[in-house]
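Written below as structure tokens is the structure these notes are about.
In our numbering, the protein residues as written are 1 to 84.
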């Protein structure tokens, strides 16, 4: 049963990543199109900057491994103190 939930989690993680990338690309394209048409330049720049920020979040999401210890546990605090 544990293997089933791990595989289900992997499928959900992959699907969520695909949707997040698609929405980010769409937001970036909308910002570029509005900027080129010279309409709502402030909104266009905010779309572009937000899409760039989301790309950063996606990169962090893919490169940061998950920890088996919960964030509030003493082991997690000891790890933070060790690395921090």
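Glycine included, each C-beta is placed from N, C-alpha and C at the ideal position.
Taking the CA atoms as reference points, residue 49 sits about 43 Å from residue 1.
Under the DSSP assignment, residue 16 falls in the alpha helix (DSSP H) whose first and last residues are 2-36. For residue 41, the enclosing alpha helix (DSSP H) stretches over residues 41-63. The alpha carbon of residue 57 has as its nearest neighbour, out of 4, 21, 5 and 6, the alpha carbon of 21. Between residue 27 and residue 51, the C-beta gap is smaller than 8 Å, which places the two residues in contact.
Residue 53 sits away from residue 44, with the two beta carbons spaced by 8 Å or more.
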